[in-house]
Amino acid sequence: MAGFSCGELEARTREAFISGQDAVHSELGIVVQSLRARDKIYGSIGFEGLRNPHATAPALASLAAAALERARAFRSATTSAAHAEAEIFRAAILDALAHEFKTPLATILTAAGGLRVRESAMPEQAALAEMIETEASRLGDLTTRLLRLARVDRTELRPRLQPTDVAELAIRSVRRYSKLWPDRKISFRQQSEISEVHIDPELIGLAISQLVENACRYSQPDAGVLIEFCAHEEMAAITVWNDGPPIAEGERDRIFERFYRGTEARRSASGSGLGLYVARKIALAHGGNLALVNDRTSTVGFRLTVPFSTPEASNVER
192 MAGFSCGELE ARTREAFISG QDAVHSELGI VVQSLRARDK IYGSIGFEGL RNPHATAPAL
252 ASLAAAALER ARAFRSATTS AAHAEAEIFR AAILDALAHE FKTPLATILT AAGGLRVRES
312 AMPEQAALAE MIETEASRLG DLTTRLLRLA RVDRTELRPR LQPTDVAELA IRSVRRYSKL
372 WPDRKISFRQ QSEISEVHID PELIGLAISQ LVENACRYSQ PDAGVLIEFC AHEEMAAITV
432 WNDGPPIAEG ERDRIFERFY RGTEARRSAS GSGLGLYVAR KIALAHGGNL ALVNDRTSTV
492 GFRLTVPFST PEASNVER
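Here our numbering runs 191 ahead of the position in the sequence shown, where the first position is 1.
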């Protein structure tokens, strides 16, 4: 870093910055100091013509480095505060919208159900009323899930553990999503006789639902969606497979970030970008994990694992 370049000042400063070391060129009257703060090098600053360079240059470099560090810290704090405020507003908007949807949806469901069971209704009218009822119910489920996702996202999870048949949770998801996605072939396979685990059934049920919803959303009609339960040593594992598009190598870690949606996901379907983030958050709160698995050809799998035994964690309610 240099002001008005005299002689070789700019070139010597650039060389010192590339090497990451201070430099003294007595024959040219040039001194170059690295800008260091908190064991980090921000750049280099060069001086030419100082009367006492050995005393003056280090002090000036320290002042410049301190100023750069303060500016960086200020930008970081401002950005963090802005992100935190944005997250609060985003969650509040999701919450408000979901609540606003629930009352009119309940009215539509009640009216459609009344029309469907009327004796005077023509078969075509009854079929239309049933279609309205089905789609309104589906939208209601989506609204409820959005509310739950938003709440789980912004709070610290404290799972309420109780003995739960994880296989039964998976079977419920099969039944539910087979109705919501009749053009998907959803099935369940159990590879372990023991399926009772100490978990929070509401939270794990939400995580499984989110994985199955994603598998249906990012697959084509008539595609297969398999929910697989098995035991891996001391962990119970539920893997959801689907014949969806592959996840790019560079996105396999980022898909678990809050509000991140992969390139293929943005092209093929809408979504909030919260699902995988919240599902992993739930798994971690139980002492487990959620990971992408790639041991099958042309399929995408997400494996949620939780320990059979009660995890020793401060965030768990017993």
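Glycine included, every Cβ here is placed at the ideal spot set by N, Cα and C.
Counted as a single uninterrupted DSSP element, the beta strand (DSSP E) harbouring N433 occupies residues M426 to N433. Note that the C-beta distance between T355 and I390 is below 8 Å. The alpha-carbon of T270 is positioned some 53 Å away from that of A318. At the C-beta level, E321 and R309 stay beyond 8 Å of one another. Nearest to P244 by alpha-carbon distance, out of H216, A268, L296 and A257, is H216. If you draw a 10 Å sphere on the C-beta of H423, you find fewer than 16 other C-beta atoms in it, and that means exposed.
If you ignore the 5 residues before and after A303, its C-beta comes within less than 7 Å of the C-beta of A320, I323, E324 and A327, all in its own chain and listed in chain order. The beta carbon of P392 is closer than 8 Å to those of Q353, T355 and L360 in its chain, skipping five residues each way along the sequence. A distance below 8 Å separates the beta carbons of E239 and I221.
Closest in C-alpha terms to A250, from the list I232, R351, G396 and Q224, comes Q224.
Contact between the region 406–415 and the region 381–390 is not established, with fewer than three Cβ pairs separated by less than 8 Å. In the same chain as I473, and ignoring 5 residues on each side of it, the C-beta atoms closer than 6 Å to its own belong to L394 and A398, in chain order. From the listed residues R367, A470 and L483, the smallest Cα separation to P437 is found for L483.
N480 is bridged by DSSP to T496. In this structure, L330 lies near L296, with their beta-carbon atoms less than 8 Å apart.
Rounded to whole angstroms, the separation of the alpha carbons of A272 and G211 is 33 Å.
Annotated three-state conformation of E448 is coil, per DSSP.
At a Cβ-Cβ threshold of 8 Å, Y233 and A248 do not count as neighbours. Cβ contact annotation for E448 (same chain, cutoff 7 Å, sequence separation greater than five): Y468, in chain order.
For T204, the enclosing alpha helix (DSSP H) starts and ends at L200 to S210. Q381: member of the beta strand (DSSP E) spanning K376 to Q381, first to last residue. Distance between L219 and L241, taken at the CA atoms: about 11 Å. By the neighbour-count criterion, in which 16 or more other beta carbons inside 10 Å mark a residue as buried, N485 falls on the exposed side. Distance from the CA of R375 to the CA of L465, rounded to the nearest whole angstrom, comes to 23 Å. With respect to the C-alpha of A252, the residue from F265, A262, D213 and R263 having the closest C-alpha is D213. Annotation: the continuous beta strand (DSSP E) that includes L226 extends over I221 to A228. S235 and P498 have their C-alpha atoms roughly 52 Å apart.
In summary, S378 is exposed, with fewer than 16 beta-carbon neighbours lying within 10 Å of its beta-carbon over all protein chains present.
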